[in-house]
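Position one of the sequence shown corresponds to residue 1 (UniProt numbering), numbered consecutively onward.
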Amino acid sequence: MQRLFEGKKTAYNTDELDMKPIRLPEDMISTHDIARVKVFFDSETLLYTTKMIKISRRGYKQHIRILCITSERLYNITKKNPYPKEAVCLNQILGVTCTPYKDGFMCIHTNNVHGDRGDWLAVVDHPCEFITQLFMVMGRDNNSDGFLQIKAQFTHRRRFVGESMSIDCTISTVKSDNFLIKKTNFDAITIYTP
1 MQRLFEGKKT AYNTDELDMK PIRLPEDMIS THDIARVKVF FDSETLLYTT KMIKISRRGY
61 KQHIRILCIT SERLYNITKK NPYPKEAVCL NQILGVTCTP YKDGFMCIHT NNVHGDRGDW
121 LAVVDHPCEF ITQLFMVMGR DNNSDGFLQI KAQFTHRRRF VGESMSIDCT ISTVKSDNFL
181 IKKTNFDAIT IYTP
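1) So, using beta-carbon positions, are residue 197 and Ala122 closer together than 7 angstroms?
2) Provide the residue span of the beta strand (DSSP E) that contains Thr49, from first to last.
3) Measure the CB-CB distance between Ile171 and Asp187 and report whether it falls below 7 angstroms.
4) Going by alpha carbons, who is nearest to Val88 out of Ile66, Asn111 and Tyr101?
5) Are the CB atoms of His109 and Gly118 nearer to each other than 7 angstroms?
6) Just to confirm, are Leu134 and Leu4 a CB contact at a threshold of 7 angstroms?
7) If you compare alpha carbons, which of Thr97, Leu47 and Lys9 is closest to Gly146?
8) Should Val88 be flagged as near chain B, meaning a C-beta pair shorter than 7 angstroms?
9) Here's the rule I'm using: 16 or more other beta-carbon atoms within 10 Å means buried, otherwise exposed. How should Arg58 be labelled?
10) Which ranges does the beta strand (DSSP E) cover as unbroken runs of at least 3 residues, wholly within the region 47 to 133, from first to last along the chain?
11) Could you pull the DSSP bridge partners for Arg23 from this structure?
12) Could you work out which residue in Lys182, Pro82, Gly104 and Leu47 is closest to Leu37 when comparing CA atoms only?
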C-alpha cells in the first residue's frame, strides 16, 4: 500500500512497515480481552485493534476508545466498561479522509443509515497502518475510486438522532509545533499539527 501514502502523508515511513494486529498500550489490554469475548458476533473475526481518540461530533470533545476492525464491521469500543459505542458495517463506509501531515487525524465517512450519527472523527497512532488494514479487509488493492482522500481541508457530515437533516462541517489544518484540535464555531474545527 506504499502507493497510497508515499509523497502524500508525512506520517508514512517506509522504515516502519512492521504491521501488528494489536496496537494497544498495556493499560488497555485487559479491556481488549473482555471486548473480544462480549462484543463481537460469532460470525466475525477480529483482525486489527488500535487505541483511538474519538472526537465527538457536537462539542468536539476527545474520548479514549478502542478501534477494532473485524471481518464485517468497524467498532468504536469504550475503554472503561467495554461495549460498542458505535459500529458500522464495512459496506457502509464511503471513504476515509486524513490530513497530509504527521498527525493521526482521520475522518471515516459513513452512509446515512437508520440510527447513524454521522462520520467518525478520530486520532490514531498509526494512521497509515490502520488505513492499510481497512483496505485489506475490504478487499481493496488500489485507490482508483478515491476512497482515500489526503487533504488539508475537508468536510465531515454530522447527523442527529430523530432529525432527517445532515450538517456538513469544515475541518481545516494549520502547521504548528504541537498537535491541538480547536473548535472554531458550531460547525468547524481547526487542527494544529506538526
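C-beta atoms are modelled at their ideal positions from N, C-alpha and C, and glycine is treated no differently.
In terms of the structure at hand:
1) The structure shown does not extend to residue 197, since the chain is modelled only from 1 to 194, so the question has no answer here.
2) Leu46 to Ile55
3) no
4) Asn111
5) no
6) no
7) Thr97
8) The structure shown contains no chain B, having only a single protein chain.
9) exposed
10) 62 to 70, 73 to 78, 84 to 89, 93 to 98, 105 to 110 and 120 to 124
11) Thr50
12) The question names Leu, but residue 37 is Val in the sequence shown. Checking every option, the nearest Cα to that of Val37 belongs to Pro82.
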